[in-house]
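> Positions in the sequence shown are counted from 1; adding 8 to them yields the numbering used here. Structure below; questions to follow.
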Amino acid sequence: MGKLPLGSRPAKRRPTGGVESLRAIPWIFAWTQNRLMLPAWLGAGTALQKVVEDGKQSELEAMCRDWPFFSTRLGMLEMVFSKADLWLADYYDQRLVAKTLWPLGKELRDLLEEDIKVVLAIANDSHLMADLPWIAESIQLRNVYTDPLNVLQAELLYRSRLTEEQGKSPDPRVEQALMVTIAGVAAGMRNTG
9 MGKLPLGSRP
19 AKRRPTGGVE
29 SLRAIPWIFA
39 WTQNRLMLPA
49 WLGAGTALQK
59 VVEDGKQSEL
69 EAMCRDWPFF
79 STRLGMLEMV
89 FSKADLWLAD
99 YYDQRLVAKT
109 LWPLGKELRD
119 LLEEDIKVVL
129 AIANDSHLMA
139 DLPWIAESIQ
149 LRNVYTDPLN
159 VLQAELLYRS
169 RLTEEQGKSP
179 DPRVEQALMV
189 TIAGVAAGMR
199 NTG
């Protein structure tokens, strides 16, 4: 992300810093790129699940029916869930993440699956975006183009990192193609962070 010529600030607060030095927008943008969409949903489903476990699912269902704010919030979660892709997120992990961190990726993907189930249960829907089929269709149509860009992006990132590890100069064709995939995925997700 730091290589993209975007924004008025660098992606990191300290050029030599790790993930902890990332600014908020690049952090969110990165999770959008790998299709886990983590910052948009992490914690929401767990909180809702806790309320359900406390025996108050019917209250949440009533809130979903009667409170436009709550219904809209659940709808936004459903939209984020629709943009997420568990297979692609796993592919990024397998291709780019150290094996020691694979269990964390699996845990996050499992949590996303559970969060989807709880939101669908509260909304009394059988599938995501049931009340907004035109948005669901728009996301599905864009994914036809975006999904291959994600796979290509993971491969290009792998090649770029391998070149760096070997101490070689980056291949400008790989770097340019990587920038194109980043822009393409951002356009397909309609989210830049």
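A virtual CB, placed ideally from N, CA and C, is assigned to each residue, including glycine.
Does DSSP put residue 44 in a helix, a strand or coil?
The answer is coil: DSSP assigns residue 44 none of H, G, I, E or B.
> Within 10 angstroms of its Cβ, does residue 174 collect 16 or more other Cβ (buried), or is it exposed?
exposed
> Suppose contacts are defined by Cβ-Cβ distances below 8 Å. Is residue 65 in contact with residue 122 by that definition?
Taking the C-beta atoms as reference points, residue 122 is found no nearer than 8 Å to residue 65.
> Whole alpha helix (DSSP H) runs in the segment 133-187 with 4 or more residues, listed along the chain?
141-173
> When the cut-off is 8 Å and only beta carbons count, does residue 191 lie next to chain B?
The structure shown contains no chain B; it is built from a single protein chain.
> Just mark residue 91 as buried or exposed, buried being the case when its beta carbon has 16 or more other beta carbons within 10 Å.
buried
> Using three-state DSSP, classify residue 56 as helix, strand or coil.
Residue 56 falls in the helix class under three-state DSSP.
> Three-state secondary structure (DSSP) at residue 88?
The answer is helix: DSSP assigns residue 88 an H, G or I state.
> Pick helix, strand or coil for residue 75, following the three-state DSSP scheme.
coil
> Should residue 152 go down as buried or exposed, given a rule of 16 or more other Cβ atoms within 10 Å for buried?
exposed
> Could you work out which residue in 98, 83 and 94 is closest to residue 131 when comparing CA atoms only?
83
> Are the CB atoms of residue 188 and residue 99 within a distance shorter than 8 Å?
no
> Run through DSSP, which three-state label would residue 105 get?
coil
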